[in-house]
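Residue numbers (this note's numbering): -10 to 419. Glycine is no exception: its CB is placed at the ideal position from the N, C-alpha and C atoms. Nothing here was measured: the structure is a model prediction, and the numbers come from that model. Taking it in order: structure first as structure tokens, then the write-up.
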Amino acid sequence: MIRHLMAIIALGFAVPALAAAETPPPITMIKVGNLIADPAQGATGPATIIVQNGMIIDVSTGTNVPSAPEDHVTIIDMSDKTVMPGLIDLHVHLTGDPGGDFWKQTTEPDEWGVVVGAKNALLTAKAGFTTVREAGSSQYSAFSLRRGTAEGLVPGPRIIAAGPALAIIGGHGDTTGFTEDINAALASGYTCTGANECAAKVRKASRAGSDIIKITATGGVLSQQGRGLEAHFTDAEMTAIADTAHSLGLKVMAHAHGARGIEAAARAGIDTIDHGTFADEAALKAMKDNGSALVPTLMAFQGVSDGLGKGVYTPVVENKIRATLDTVGKAVTMAKKMGVRIAFGTDAGVFDHGRNAEEFALMVSHGMTPREAVASATTVAAEVLGMEGQIGRIANGYSADLIAFDGNPLEDVTVLEEIDWVMVRGRVID
């Protein structure tokens, strides 16, 4: 073991022919008390993880590391902790905080979202989430934040950014609640009517830098429009969005509550159904048949229910919140029974950032096992993103996204609510 590790140090591990005087890239060795490299494998005991250039370059059993390492080697001792892959949240809004003052969009510039987002990126990473899917923001705020975390200028997770959501005129995702002239002035530029225009808006989002296309396939709970929670786009519009996105190599995520809107989005080939509140058997069958994953966001409903009756929300929003509460979580139970993939997402921003891991206990309360819940935020979420060879596991060649904590989440998911140490892309988050 020692000989193997020293050979890695001496060679700079896979670094091409270094000159004698050249210092090899820094190496980090992490001593692990109990390794969970993949939830499907379970905990495998003590291990050593070696990281270089932001990547995992070796994983081996045991924690025998050199007592006097080279100058370019850092040793991190997590020998009394469980270490597993960093968690993935497929539905967050880093550039916003919870609150019911919808009129603030008339007083706060888009740039303020980057400031708020930097704060929330750090909170999210410290909570153990090393990759997030930013599910809707102003035009460039999430893109700027994405670059900041990628370059290490802003401490935070890897960000898969959607940018503005595609919406119907006057629907969830469009600006509503003001006079028409104010609505027009605040519009994102991503509403569309008809298949051709919707396809064009997908291309516009792709050109602007979207990593994924977000659409509001149905009405929403927190917007000021009070037209219910069923389908907004026509079948032709949703098919055009999905087909165009896929032709550009982009996946599509759909905010969707009503059963028929969920069913239509799944038939159109949309990749994830986020929320899925009123999904029934027909809707879930369409998801299963078309490969759409469910991202339940149970914490969103937990968060908004805390504000009921306190003057936080307008009457139209309060009515919609109350209409959902008796149904929340039922789709998770049905989806599991029907074999629909369930991936982890929270809608953080609707509730306070940093509480993301509380979603695990809610998933378990609706029928998932702890192992399934943990997989939903690691291996399954990575597959949904199409990044299964890069994140979601601890293995050679994967990004060095790691978390450490006490306990075993495969037995008790609540241990993930207290994270002691986080590494994102080989950088320790302080």
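- Taking a 10 Å sphere around the C-beta of R135, we find 16 or more other C-beta atoms and assign the residue as buried.
- Taken in chain order, the complete beta strand (DSSP E) segments of 3 or more residues contained in the region 38 to 109 are 44 to 50, 62 to 74 and 76 to 81.
- In the structure shown, K203 adopts extended strand secondary structure according to DSSP, grouped into three states.
- Here D200 is buried. Its C-beta has 16 or more other C-beta atoms within 10 Å.
- DSSP places F394 within a strand segment (E or B) once states are collapsed to three.
- At a cut-off of 4 residues, the continuous stretches assigned as alpha helix (DSSP H) that sit fully inside the region 304 to 382 are 304 to 313, 319 to 327, 348 to 354, 359 to 365 and 368 to 374.
- For A229, the uninterrupted alpha helix (DSSP H) segment begins and ends at D224 to S236.
- Under DSSP, N23 shares a beta bridge with T71.
- In chain order, G318, V321 and T322 place their CB closer than 7 Å to the CB of H355, counting only its own chain and leaving out the 5 sequence neighbours on each side.
- Taking the C-beta atoms as reference points, A271 is found no nearer than 8 Å to I262.
- Assigned with DSSP and collapsed to three states, E186 falls in helix.
- If you ignore the 5 residues before and after G141, its C-beta comes within less than 7 Å of the C-beta of R416, all in its own chain and listed in chain order.
- Spatial neighbours of G117 in its own chain (CB-CB distance under 7 Å, excluding positions within 5 residues in sequence) are listed in chain order as G75, L76, A346, I392, L405, I408 and V411.
- Residue pairing for H264: DSSP places it in a beta bridge opposite A245.
- The straight-line gap separating the alpha-carbon atoms of V369 and I230 is approximately 24 Å.
- By the C-beta density criterion, N185 is exposed, having fewer than 16 other C-beta atoms within 10 angstroms.
- With fewer than 16 other Cβ atoms inside 10 Å of its own Cβ, G298 counts as exposed.
- The C-beta distance from V62 to M18 rounds to 6 Å, short enough to fall under 8 Å.
- Between H161 and G198, the C-beta gap is not smaller than 8 Å, which leaves the two residues out of contact.
- For E123, the uninterrupted beta strand (DSSP E) run begins and ends at F118 to E123, by DSSP.
- The Cβ neighbour count for I149, taken over all protein chains shown within 10 Å, is at least 16; the residue is labelled buried.
- For V411, the enclosing beta strand (DSSP E) has its first and last residue at W410 to V413.
- Excluding sequence positions up to five before and after G292, its CB lies within less than 7 Å of the CB of P87, V339 and F340, all in the same chain and listed in chain order.
- Beta bridge pairing from DSSP links A156 with T180.
- L273 sits in a helix when the DSSP states are folded into three classes.
- Sorting A371, P304, I45 and G265 by C-alpha distance to the C-alpha of A324 places G265 at the top.
- N109 counts as buried, since at least 16 other C-beta atoms from the protein chains shown sit within 10 angstroms of its C-beta.
- For A139, DSSP assigns no beta-bridge partner whatsoever.
- In the DSSP assignment, V284 falls within the unbroken beta strand (DSSP E) covering A282 to V284.
- In the DSSP assignment, A150 falls within the unbroken beta strand (DSSP E) covering R147 to A150.
- Proximity to Q41 across F394, T403 and N385 peaks at N385, based on C-alpha coordinates.
- In this model, A289 and D170 are separated by some 31 Å (Cα to Cα).
- With respect to A206, A243 sits close: the two C-beta atoms are nearer than 8 Å.
- Contact between G125 and K193 fails: their C-beta atoms lie close to 15 Å from each other, not under 8 Å.
- In the structure shown, S388 falls within a strand segment according to DSSP collapsed to helix, strand and coil.
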